[in-house]
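Residue numbers (the working numbering): 549 to 792.
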């Protein structure tokens, strides 16, 4: 599949729909040449990448970068570029779990707090009958634990590794271990397991469609105010046309 890339503040985003993103990931599952890295870029991540060269390089080398955030979609369209829709990371994960239930793709959950991945797995197994989640591991580990964790993942040979360590730690962890991992696709999924487990509520559908999900998250987690400050800075930078 040929995909157009749109540069948003020097970060290349793939202009794909949800259906196309799922199709691309499934295509990666059929390839055994290397582990593919998929990133879900919202305004916060783009702003981080403008200040973090390592993260910027990771996104530049990623096999797929989707527009996970209304801000990124708005920025692309503001520039006059075509960005078909938001491809939220949480929703992408749910679509891939549905595919796992249908086609038995093997999935591994890595990250989040103690017990969260277990809860997320249980909820997924209730929602998607037949989903093939072959292993879980929380995100509380030390560098010395990584060799054993990777060995466990590799022994299970998952098609899909979901890494919930927060941005940019999850992207950097995947990139650092890309050549060691025996998986088809690895995706950094942020707080997805917490939402799946029911520990964090997602905005009502009408707020998602109105691009107000960020305000709902801020209402539930006011401590995110400092992180959310990246959004107006992002919008101002886009409007001023500053791409350096």
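Just so you know, even glycine gets a beta-carbon here, dropped at the ideal spot from N, CA and C.
Quick one, are the C-beta atoms of residue 736 and residue 718 less than 7 Å apart? Contact: yes.
Can you tell which of 663, 704, 562 has its C-alpha closest to the C-alpha of residue 630? With respect to the C-alpha of residue 630, the residue from 663, 704, 562 having the closest C-alpha is 562.
Cα-Cα separation between residue 672 and residue 608, rounded to whole angstroms: The straight-line gap from Cα to Cα measures roughly 32 Å.
Mind listing, in chain order, the continuous alpha helix (DSSP H) runs of no fewer than 4 residues lying wholly within the segment 664 to 715? With a minimum length of 4 residues, the continuous alpha helix (DSSP H) runs that stay inside the segment 664 to 715 are 664 to 675, 694 to 704.
If you pair each beta-carbon of the segment 651 to 667 with each one of the segment 681 to 691, do three or more pairs fall below 8 Å? The segment 651 to 667, when compared against the segment 681 to 691, does touch it at the 8 Å Cβ threshold.
Would you mind listing the alpha helix (DSSP H) stretches within the segment 600 to 635 that are 4+ residues and don't spill past its ends, in chain order? Segments of the alpha helix (DSSP H) lying fully in the segment 600 to 635: 601 to 609, 618 to 626.
Three-state class that DSSP yields for residue 588 in the structure shown: Here residue 588 sits in strand by DSSP.
Should residue 559 and residue 597 be called a contact, given that it needs their Cβ atoms to be closer than 7 Å? Result yes, Cβ atoms of residue 559 and residue 597 sit closer than 7 Å.
Using a 10 Å radius around the Cβ and a threshold of 16 neighbouring Cβ atoms, would you call residue 700 buried or exposed? Under this definition residue 700 is an exposed residue.
Taking only the alpha-carbon atoms, compute the straight-line gap between residue 602 and residue 714 and give it to the nearest angstrom. In a straight line, the C-alpha of residue 602 is about 15 Å away from that of residue 714.
Can you tell which of 722, 733, 670 has its C-alpha closest to the C-alpha of residue 579? Minimum Cα distance to residue 579 is reached at 733.
Residue(s) in a DSSP beta bridge with residue 560: Beta-bridge analysis with DSSP links residue 560 to 555.
DSSP puts residue 658 in a beta bridge; with which residues? Paired residues: 685, 711.
Within 10 angstroms of its Cβ, does residue 663 collect 16 or more other Cβ (buried), or is it exposed? By the neighbour-count definition (other C-beta atoms within 10 Å, threshold 16), residue 663 is an exposed residue.
Rounded to whole angstroms, what's the CA-CA distance from residue 670 to residue 634? Just pull it up for me. Going from the Cα of residue 670 to the Cα of residue 634 covers about 27 Å.
Whose CA, out of 628, 614, 604, lies closest to the CA of residue 787? Comparing Cα positions, the closest option is 628.
Could you check the C-alpha separation between residue 593 and residue 716 for me, to the nearest Å? So the alpha carbons of these two residues sit roughly 8 Å apart.
So residue 639 and residue 665 are supposed to be a Cβ contact under 8 Å. How far apart are they, rounded? Under the criterion of beta carbons closer than 8 Å, residue 639 and residue 665 do not qualify as touching, at roughly 19 Å.
With DSSP run on the structure shown, which of helix, strand or coil describes residue 637? DSSP, reduced to helix, strand and coil, places residue 637 within a helical segment of the structure shown.
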